[in-house]
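Written below as structure tokens is the structure these notes are about.
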Amino acid sequence: MLSTGPDNMASYTPSDEKTHFDHVEVTKSPGSGPTVDTIDLDHLADASDYTHAVRKATEREHALSFREAARAYPWAFFWSIAISFTIIMDGYDTYLLSQFYAYPSFAKKYGEFNPAQNDYNVPANTMVMLANLNMFGSCIGLFGMSLVTERFGHRKVIMMGLAMLVATNFLTFFAPNIKWLTAGVCLSGIPQGLFGILGSAYASEVAPLALRGFLTSFVNICWVIGQFVAGGLLAGLVNIPSEWSFRIPFGLQWVWCVPVFFLTLWAPDSPWWCVRKGNMAGAERSVKKLSPKSTHSETRELLAMYQHTTAMEMADRVGTTVLDCFKGVDRRRTEIACMVLAAQPLSGELFAYGSTYFFRQAGLSADNTYKLNFGSTAVAFVGTVFSWILAIWFGRRTLIIAGFVLMGLELLIIGILHYFNSAQSVVWTQAALTVLWLGTYSATLGPQSFGLAAEVSATKLRAPTIALARLWYTICCIIGVSFQPYLINATALNLKGRTGFVWFGFCVLTLIWCIFRLPETKGLTYAELDILFERRTPAWKFKSTKVDVIEETTRDAGSDSA
């Protein structure tokens, strides 16, 4: 059976061999004895009204509107956004590297002279090496994150990453040659791997249900802000002939790290993480810091819901290691998290976000290219804001599938336009479609994929699942950036606009996966998601299937007793 000891966590007896939630004792109802309000936190699950408290907290989560949740949890709103600001640096730095290849001063410093073009050019193999080593560093960071986040918590891991980024940025800023630049880019990838996903993981654990979709998808707008700042700098500095035109953007990373470090230092720990560590007092402090307007009863009821969900997962023998992500129903949850993040590069992201080189090869001037590039980041920003409006009416699954349909059509048209004459009007039409693709991506797949990846795992497996998802995303990016330069480089295949056909094919394949495997998570608590996955509910039925957490666990417990 499942019992609850003084550490507030459920203990599993090895003789129990059944799965599901058969061992969760949730049959307590209001009666004599200490209540959730009065009982010592170390014995919260022994309260006479424990089940009633769990139900009330669950119903309150569903009842809160976005505006009510923002008023009730103002600091959850603030701290989620503050922690997500780390991703601005990830978006900024990644964007800089991909856009520098067509930068005149950067190409002159680290590239080679191409007599055919009478200009300096960064060779395709150098582009591949820099991009892949940066992502190799990200893989190391992600692997480290999966090992240490559950032990030390989100905040401490983020602060370690910020300190490391400050140190590694010296290499990229002062790099005298391509070898030193390569070392700096690789080492900088380690903290970037941490930042790329911890923001949404933290938001998913501090935000109430009504704010969860917005705050987990806020990661995407942080990426866009980073890209917007980088795009503005590149457009403003492109005509400076000296090395300062690319060293200044590298140096600005130091400015951002300091305030974000102190914001992270003052932020509360995730209450879910505190509960998993058996630190109920710490969880209560975090909840009060996130929602100072909550009454004592509301705080205790919320803690009961957190503990109940954690107990459900322990009853299903959910561990906290990477290997546990591939066991039982969690294998499916890991697949979904991995694929929904990998959908980003598979959608054509590497082509659209690296379009400056494509535009230069198509004949646009460096000045027009970087102005267009800067404008596209503004479109991406507006698209992300628009996605929040769309998310009110549509679920994550619907928006992602619709996004793939539209993005695939845009890529197909870009490819078809290649076979028209090479007049400037055709080039500008392709450029406009690329900008439209970025707007579509930012309104659909971009923000929703971050939110869904953060929500879909079991709470105890959130850190390793998200690390695996981001790792798979990075592997797909490594594969993509390994052949994307060869598709478009003037000294390689030189496909130009026909590159759109390649990414259109990947769009179609990923769309098929989404239709059959991607579930809807909007409006579902983590306990409800646990039950739906345990039932092996088909992806397209998640939205319509009704779940009562208390009745479900009580019925399972009763059948086990029988």
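The sequence shown begins at 807 in the working numbering and counts up by one. For each residue, glycine too, the CB sits at the ideal point set by N, CA and C. This one's a predicted model, so the numbers in the text were calculated from it and none came from an experiment.
Item: Beta-carbon proximity of ILE1220 to GLY1303, cut-off 8 Å; Value: yes
Item: For LEU1058 and ASP925, the rounded distance between their alpha carbons; Value: 28 Å
Item: Which listed residue (ASN1026, TYR879, THR841) has its alpha carbon closest to that of SER1100; Value: TYR879
Item: ASN975, enclosing alpha helix (DSSP H) - first and last residue; Value: 960-980
Item: Supposed close pair ASP1336, MET1118 - CB separation, criterion 8 Å; Value: 6 Å
Item: Extent of the continuous beta strand (DSSP E) run through PHE1339; Value: No beta strand (DSSP E) holds PHE1339; the alpha helix (DSSP H) holding it covers 1332-1340.
Item: Where the alpha helix (DSSP H) through GLU1119 begins and ends; Value: 1102-1121
Item: Expected contact under 8 Å - CB spacing of GLY995 and MET941 to nearest Å; Value: 6 Å
Item: Anticipated Cβ contact below 8 Å, GLY1002 with SER952, distance rounded; Value: In fact, because the Cβ distance is near 13 Å, the residues do not count as touching under 8 Å.
Item: Selection from LEU939, ALA1197, VAL1146 that minimises the alpha carbon distance to LEU1315; Value: VAL1146
Item: Inter-residue spacing [alpha-carbon to alpha-carbon] between LEU993 and TRP885; Value: 28 Å
Item: Rounded C-alpha distance that separates PHE1256 from PRO982; Value: 37 Å
Item: ASP813 to ALA969 span [Cα, whole Å]; Value: Bear in mind that the predicted position of ASP813 carries a pLDDT of just 40, short of 50, making it unreliable; the figure below should be weighed with that in mind. Distance between the alpha carbons of ASP813 and ALA969: 34 Å.
Item: Rounded C-alpha distance that separates LEU939 from LEU902; Value: 15 Å
Item: Reference GLY1311, options ASN1174, GLU1216, SER1193, CYS1063, closest by Cα; Value: GLU1216
Item: Close-in-space but distant-in-sequence residues of the same chain around LYS1095 (CB under 7 Å, 5 per side omitted); Value: TRP881, PRO1074
Item: C-alpha gap between LEU1004 and SER890, whole angstroms; Value: 8 Å
Item: LEU1324 beta carbon less than 8 Å from that of ILE1142; Value: yes
Item: Check: ALA1333 C-beta below 7 Å from any heavy atom of the ligand PLP; Value: Absence of the ligand PLP from the depicted structure is noted, as is the absence of any ligand whatsoever, leaving it without description.
Item: Spatially closest choice to PHE1322 from GLN1290, ARG1203, SER1092, ALA1333, by CA coordinates; Value: ARG1203
Item: CB of GLY1286 within 8 Å of CB of LEU1178, strictly; Value: no
Item: Cutoff 7 Å; reference GLY990; Cβ partners in own chain excluding five residues on either side; Value: THR974, LEU977, THR978, ALA981
Item: With 16 other Cβ atoms within 10 Å as the buried cut-off, status of TYR1225; Value: exposed
Item: Residues bridged to ASP925 (per DSSP); Value: ASN920
Item: Nearest to ALA1186 (by Cα), restricted to the options CYS1028, PRO1014, ARG957; Value: CYS1028
Item: Sufficient close CB pairs (3 or more, under 8 Å) joining the segment 914-923 to the segment 1066-1085; Value: no
Item: Buried versus exposed, by CB contacts within 10 Å (16 or more), ALA937; Value: buried
Item: Collapsed DSSP secondary structure at HIS1224 in the structure displayed; Value: coil
Item: Reduced DSSP category for LYS1347 - H, G, I as helix; E, B as strand; rest coil; Value: helix
Item: Residue burial classification, VAL830 (beta-carbon count within 10 angstroms, cutoff 16); Value: Per-residue confidence for VAL830 stands at a pLDDT of 42, beneath the threshold of 50, marking its modelled position as unreliable; the derived number appears in the next sentence. Buried is the call here.
Item: Candidates GLU1357, ALA1249, LEU1293: closest to GLY1189 by CA position; Value: ALA1249
Item: Exposed unless 16 or more other CB atoms sit within 10 angstroms - verdict on PHE1132; Value: exposed
Item: Length of the line joining the Cα atoms of SER1367 and VAL972; Value: Confidence in SER1367 is poor, its pLDDT being 45 and thus under 50, which makes the residue's placement too unreliable to answer from.
Item: Cα-Cα separation between PHE946 and ASN1300, rounded to whole angstroms; Value: The displayed chain sequence assigns Ile, not Phe, to residue 946. Their Cα atoms are separated by approximately 33 Å.
Item: Straight-line Cα distance separating TRP1309 from LEU1330; Value: 33 Å
Item: Same chain, Cβ closer than 7 Å to ILE1356, neighbours up to 5 away in sequence not counted; Value: VAL832, THR857, VAL860, ARG861
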